[in-house]
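Position one of the sequence shown corresponds to residue 2 (our numbering), numbered consecutively onward. For each residue, glycine too, the CB sits at the ideal point set by N, CA and C. Some notes on the structure that comes next.
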Amino acid sequence: MRLILLSGGSGKRLWPLSNEIRSKLFLKLLPAPDGTLESMMQRLCRQLREEGLLEGAVIVTHRSQAEITRAHAGADVPIVEEPAKRGTFTAAALGAAYLAGPGRAPEDEAVCVLPVDLFVEADFLALLRRLPEALARGADLGMIGTEPTHPSAQYGYIVPIREPRPRRPKRRAAAGGRKFGGMTDAGAGAGAGERAARPDADAGADGAGVGKSAARPDADAGADGAGVGRSAARPDADAGGNGARAGRNAAPPGADAGADGAGAGWLPVGRFAEKPDPPAATRLIKQGGLWNSGVFVFRLGWLLGQLQARGYPSSLPELLRGYDEWSEKSFDQELAEKASRSLVLRYAGSWKDLGSWSTFLSQLGEAQLGPGAVSAGARNTHLINELGCPIHVIGISDAVVAASPDGILVASKEHSDRIKEALRELPGLPMQEEKRWGSCRTLEIDRLSGGGQVLTRRVAVHAGKCTSYHLHEGKEEVWTVLSGEGRFMLEDEIYPIGPGSVMRFPPGSRHGVKAVTELQCMQVEIGRVLDERDIERLLMSW
2 MRLILLSGGS GKRLWPLSNE IRSKLFLKLL PAPDGTLESM MQRLCRQLRE EGLLEGAVIV
62 THRSQAEITR AHAGADVPIV EEPAKRGTFT AAALGAAYLA GPGRAPEDEA VCVLPVDLFV
122 EADFLALLRR LPEALARGAD LGMIGTEPTH PSAQYGYIVP IREPRPRRPK RRAAAGGRKF
182 GGMTDAGAGA GAGERAARPD ADAGADGAGV GKSAARPDAD AGADGAGVGR SAARPDADAG
242 GNGARAGRNA APPGADAGAD GAGAGWLPVG RFAEKPDPPA ATRLIKQGGL WNSGVFVFRL
302 GWLLGQLQAR GYPSSLPELL RGYDEWSEKS FDQELAEKAS RSLVLRYAGS WKDLGSWSTF
362 LSQLGEAQLG PGAVSAGARN THLINELGCP IHVIGISDAV VAASPDGILV ASKEHSDRIK
422 EALRELPGLP MQEEKRWGSC RTLEIDRLSG GGQVLTRRVA VHAGKCTSYH LHEGKEEVWT
482 VLSGEGRFML EDEIYPIGPG SVMRFPPGSR HGVKAVTELQ CMQVEIGRVL DERDIERLLM
542 SW
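In structure tokens:
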């Protein structure tokens with residue numbers, strides 16, 4: 002199975018720490034196993050690498066975030082750059098077109114689309130290995146649905162088909178076929194977890210829980226804490242009690258009793274509901290609705306066929322050429338909701354969306370990061386300061402205080418999610434960026450009286466790293482080295498640099514900077530219009 006990792010974000014939900022370039026995916030604030038801090042992108046890539054799933058994966062992201070994505074994902078993961086921000090359908094199409102390239106993946110290869118902003122544990126990622134089962138069972142599309150913990154308007158819902166409760170058999174049924182929708186799945190042993198073997202086992206009514214245990218009175222229904230509990234030693238024992246919805250374990254035709262976090266195994270998909278209001282969400286949960294995790298699996302040839310049926314090209318160069326004109330719809334809207342044969346795998350473990358200040362702060366190891374202090378009387382308050390000057394928070398409880406070169410936020414946690422509404426539009430140029438080779442912090446932007454702009458930045462180039470060898474058509478750059486040793490290349494000639502060195506790169510000149518030791522520089526850009534798209538990269542490494 003190959004993975005397409007979808008990365009993006011507008012940078013508004015966790016402003017001012019996030020911006021258009023450095024979205025929430027790249028904030029190095031989460032505790033890592035080695036005691037350091039890591040970003041969501043680094044966390045997911047580490048987890049996928051540990052599961053042996055990162056090899057063969059491809060990341061799709063907007064070209065403005067390609068540099069920072071390389072810095073966080075590593076140089077070994079290929080990146081397909083979107084020329085414009087569209088929807089997840091076209092992003093997945095780009096990833097599929099890349100995989101369909103010469104020598105990469107055959108058309109019958111299982112492909113999993115995965116959002117990079119997943120905040121999950123290892124059991125969820127291990128569950129990805131089961132996704133190709135959906136295709137083997139005759140489905141065009143498989144997906145993971147998460148057991149809801151409360152009625153939420155922030156997530157979409159997948160509603161499985163409610164199977165009629167079967168009559169309790171008087172004797173053990175003979176091994177036979179199992180249904181998927183109107184299809185029959187061959188053999189009784191095809192799943193990872195079979196239906197109850199006792200004739201008096203209770204199959205449940207709606208697939209909404211993990212209730213009564215399955216195969217035999219002393220069977221263990223899964224002790225991994227992933228939402229299936231332990232089965233009882235008595236035939237009528239209830240296996241619930243670990244936080245999943247109580248009730249009887251449903252086993253619709255073709256479903257597993259899975260014991261690895263997939264509460265009731267595979268279920269046929271009935272419909273989707275996009276971010277309903279809380280009352281509607283409550284009704285969906287009663288119907289067995291699951292949160293849509295955004296994880297889908299399909300065969301590569303199936304998606305290529307869907308592109309062809311919609312009049313899209315299936316080659317990567319052709320898709321990129323017309324990308325501005327392609328659909329802005331999500332993968333769910335364009336494909337998942339229209340697929341006639343879909344299965345969902347229920348997951349009852351930990352799954353979180355860190356898309357708001359309240360949920361993001363809940364995962365931080367420290368209440369204060371950066372210079373300053375939070376007084377003892379300020380309860381449940383977080384301070385995150387990326388500026389050089391200290392910030393002191395005194396007597397303010399249940400608040401978030403965040404500061405970066407892009408701005409300062411002081412908000413109650415209850416209302417912190419309103420920041421996206423307050424930011425009607427972000428400034429045209431992010432004040433802080435991460436690159437695969439270092440970082441840039443904008444200090445000042447001046448407009449000249451005669452027209453034109455001057456931008457001043459503090460630039461760091463990490464030891465052993467280099468900028469691309471590139472040129473700009475419409476701006477001049479002047480670099481002054483503050484500390485460190487390195488080299489720069491100008492028009493194919495290489496020169497040494499150290500503290501006090503000044504480098505001047507006129508418009509149209511080919512140039513690049515490489516650090517031997519950590520380089521700290523001041524960079525001044527001068528031009529009529531300073532456009533970040535004004536760059537032609539000739540070599541990524543030199």
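Query raised in the report: Of all the options Q433, S484 and G157, which has the alpha carbon lying nearest to the alpha carbon of V517?
Result: Taking the sequence shown and counting its residues from 1, one reaches residue 517 at position 516. The candidate whose alpha carbon is nearest that of V517 is S484.
Query - In DSSP terms, what E329 is bridged to - result: Against the sequence shown, residue 329 aligns to sequence position 328. Per DSSP, none; premise fails for E329.
Query - Distance, G366 Cα to L384 Cα - result: As a position in the sequence shown, residue 384 is number 383, starting the count at 1. As a position in the sequence shown, residue 366 is number 365, starting the count at 1. Their Cα atoms are separated by approximately 12 angstroms.
Query raised in the report: What are the boundary residues of the alpha helix (DSSP H) that includes H73?
Result: What you label residue 73 is simply residue 72 of the sequence shown in a count that begins at 1. Run containing H73: A67 to A74, per the alpha helix (DSSP H) assignment.
Query raised in the report: Grouping DSSP H, G and I as helix and E and B as strand, with all else coil, what is S417?
Result: Here residue 417 refers to the residue found at position 416 when the sequence shown is read from its first residue. In this structure, DSSP gives S417 a helical state, which the three-state scheme calls helix.
Query - Beta-carbon separation (whole angstroms), G496 vs R505, contact threshold 8 angstroms - result: Numbered from its first residue, the sequence shown carries residue 496 at position 495. Numbered from its first residue, the sequence shown carries residue 505 at position 504. The sequence given here has Tyr at residue 496, not Gly. The C-beta distance from Y496 to R505 rounds to 12 angstroms, too long to meet the 8 angstroms contact threshold.
Query raised in the report: Can you list, in chain order, the stretches of the beta strand (DSSP E) that have 3 or more residues and sit fully within the stretch 46 to 116?
Result: 59 to 63, 80 to 83 and 111 to 116, all fully within the stretch 46 to 116.
**Report entry** Cβ neighbours of F27 in the same chain (closer than 7 angstroms, five flanking residues each side left out)
**Finding:** The residue given as residue 27 occupies position 26 in the sequence shown. When the five nearest sequence neighbours on each side are left out, the beta carbons in the same chain lying within less than 7 angstroms of the beta carbon of F27 are those of S40, M42, I69, H73 and E435, in order along the chain.
Report task. Let me know the secondary structure DSSP gives S343 once reduced to three states. Result -> By one-based count along the sequence shown, residue 343 stands at place 342. Reduced to three states, the DSSP call for S343 is strand.
Query raised in the report: Where do the N-terminal and C-terminal ends of the alpha helix (DSSP H) with R322 fall, by residue?
Result: Along the sequence shown, read from residue 1 onward, the residue named residue 322 stands at position 321. Looking at the DSSP string, the run of the alpha helix (DSSP H) that includes R322 is L317 to R322.
Query raised in the report: Rounded to the nearest angstrom, how far is the Cβ of L301 from that of E110, given a contact under 8 angstroms?
Result: As a working mapping, residue 301 is identified with position 300 in the sequence shown. As a working mapping, residue 110 is identified with position 109 in the sequence shown. About 5 angstroms; that satisfies the 8 angstroms criterion.
**Report entry** Contact belief for F361 with L15 at Cβ below 8 angstroms, rounded distance in angstroms
**Finding:** If you number the sequence shown from 1, residue 361 lands on position 360. If you number the sequence shown from 1, residue 15 lands on position 14. So it is a contact: roughly 6 angstroms between Cβ atoms.
Query raised in the report: Whose C-alpha, out of L95, A106 and K476, is nearest the C-alpha of D535?
Result: Position 534 of the sequence shown, counted from the first residue, corresponds to residue 535. The shortest Cα separation from D535 among L95, A106 and K476 belongs to K476.
**Report entry** Check whether I5 and V112 have beta carbons under 9 angstroms apart
**Finding:** For the purposes of this step, residue 5 is taken as residue 4 along the sequence shown, with counting starting at 1. For the purposes of this step, residue 112 is taken as residue 111 along the sequence shown, with counting starting at 1. Note that the C-beta distance between I5 and V112 is below 9 angstroms.
Query raised in the report: CB-CB under 8 angstroms to E519, same chain, minus the five flanking residues each way: which ones, in chain order?
Result: The residue labelled residue 519 in the question sits at position 518 within the sequence shown. The answer, listed in chain order, is A461, V462, H463, A464, S484 and G485.
Query raised in the report: Would a C-beta distance cut-off of 9 angstroms place L344 and G143 closer than the cut-off?
Result: If you number the sequence shown from 1, residue 344 lands on position 343. If you number the sequence shown from 1, residue 143 lands on position 142. For L344 and G143, yes; Cβs fall inside 9 angstroms.
**Report entry** Cβ contact (3+ pairs, closer than 8 angstroms) linking the stretch 286 to 299 and the stretch 125 to 144
**Finding:** Three or more beta-carbon pairs separated by less than 8 angstroms link the stretch 286 to 299 to the stretch 125 to 144, which places the two stretches in contact.
Query - Distance between E422 and C390 (C-alpha atoms, nearest Å) - result: As a position in the sequence shown, residue 390 is number 389, starting the count at 1. As a position in the sequence shown, residue 422 is number 421, starting the count at 1. Each residue's Cα considered, the two are about 28 angstroms apart.
**Report entry** For D407, three-class secondary structure by DSSP
**Finding:** Counted from its first residue, the sequence shown places residue 407 at position 406. Three-state result, D407: coil.
Query raised in the report: So the alpha helix (DSSP H) T457 belongs to, where does it begin and stop?
Result: Taking the first residue of the sequence shown as position 1, residue 457 is located at position 456. Careful: T457 lies outside any alpha helix (DSSP H), inside the beta strand (DSSP E) at Q454 to V462.
Requested in this report: With DSSP as the reference, please indicate the residues paired to H471 in a beta bridge.
Outcome: Along the sequence shown, read from residue 1 onward, the residue named residue 471 stands at position 470. Within the DSSP bridge table, the entry for H471 names H512 and R538 as partners.
**Report entry** Top-ranked residue by Cα proximity to Q364, from S417, Q288, G10 and L31
**Finding:** Here residue 364 refers to the residue found at position 363 when the sequence shown is read from its first residue. Nearest of S417, Q288, G10 and L31 to Q364, Cα basis: L31.
Query raised in the report: In terms of residues, what are the limits of the beta strand (DSSP E) holding I446?
Result: To locate residue 446, count along the sequence shown from 1; it is residue 445. Its beta strand (DSSP E) spans residues G439 to R448.
Requested in this report: Within 10 angstroms of the Cβ of R380, are there 16 or more other Cβ atoms? Answer buried if so, exposed if not.
Outcome: Within the sequence shown, numbered from 1, the residue matching residue 380 stands at position 379. Here R380 is exposed. Its C-beta has fewer than 16 other C-beta atoms within 10 Å.
**Report entry** Spatial distance of A176 from R138 (CA atoms)
**Finding:** Position 175 of the sequence shown, counting from 1, holds the residue named residue 176. Position 137 of the sequence shown, counting from 1, holds the residue named residue 138. Because A176 sits at a pLDDT of 43, beneath the cut-off of 50, its placement in the model cannot be relied upon, and the point is left open.
Requested in this report: Give the secondary structure of T283 by DSSP, where H, G and I count as helix, E and B as strand, and everything else as coil.
Outcome: Working through the sequence shown from its first residue, we reach residue 283 at position 282. T283 sits in a helix when the DSSP states are folded into three classes.
Requested in this report: Give the straight-line distance between the Cα atoms of E21 and R163, rounded to the nearest whole angstrom.
Outcome: Counting from 1 along the sequence shown, the entry for residue 21 is found at position 20. Counting from 1 along the sequence shown, the entry for residue 163 is found at position 162. Roughly 43 angstroms separates the two Cα atoms.
Query - Minimum C-alpha distance to G289 - residue among A340, H151 and L444 - result: Mapped onto the sequence shown, residue 289 falls at position 288. Closest option to G289, Cα to Cα, is H151.
Requested in this report: Please report the Cβ distance between I420 and L410, rounded to the nearest whole angstrom; I am assuming they are in contact, meaning their Cβ atoms lie under 8 angstroms.
Outcome: Working through the sequence shown from its first residue, we reach residue 420 at position 419. Working through the sequence shown from its first residue, we reach residue 410 at position 409. Your pair I420 and L410 checks out as a contact, with CB atoms roughly 6 angstroms apart and the cut at 8 angstroms.
**Report entry** Cβ-based burial, S331 [other Cβ within 10 Å; buried from 16]
**Finding:** Position 330 of the sequence shown holds residue 331. Looking at its Cβ environment, which holds 16 or more other Cβ atoms inside 10 Å, S331 is buried.
Report task. Under 8 angstroms Cβ to Cβ from K466, same chain only, skipping five residues before and after it: list those, please. Result -> Stepping through the sequence shown from its first residue, residue 466 is reached at position 465. Setting aside the 5 residues that flank it on each side, K466 is surrounded in the same chain by R437, W438, G439, K515 and A516, each with a C-beta closer than 8 angstroms to its C-beta; the list follows chain order.
Query raised in the report: Just the Cα atoms here: how many angstroms apart are H393 and D407?
Result: For the purposes of this step, residue 393 is identified with residue 392 of the sequence shown, where counting begins at 1. For the purposes of this step, residue 407 is identified with residue 406 of the sequence shown, where counting begins at 1. Each residue's Cα considered, the two are about 19 angstroms apart.
Report task. Can you give me the Cβ contacts of R23 inside the same chain, cut-off strictly under 8 angstroms, excluding the 5 residues immediately before and after it? Result -> Position 22 of the sequence shown, counted from the start, is the residue given in the question as residue 23. Only G12, I69, P431, Q433, E434 and E435 meet the Cβ criterion.
Report task. With distances taken Cα to Cα, identify the nearest neighbour of M541 among Y470, G501, P508 and G499. Result -> Looking up residue 541 in the sequence shown gives position 540. That would be Y470, whose Cα lies nearest to the Cα of M541.
Report task. Work out the CA separation of V117 and G528 for me, nearest whole Å. Result -> Here residue 528 refers to the residue found at position 527 when the sequence shown is read from its first residue. Here residue 117 refers to the residue found at position 116 when the sequence shown is read from its first residue. C-alpha separation (whole angstroms): 36 angstroms.
**Report entry** Close beta carbons around L308, own chain, < 7 angstroms, minus the five adjacent residues each side
**Finding:** The residue labelled residue 308 in the question sits at position 307 within the sequence shown. A94 and S315.
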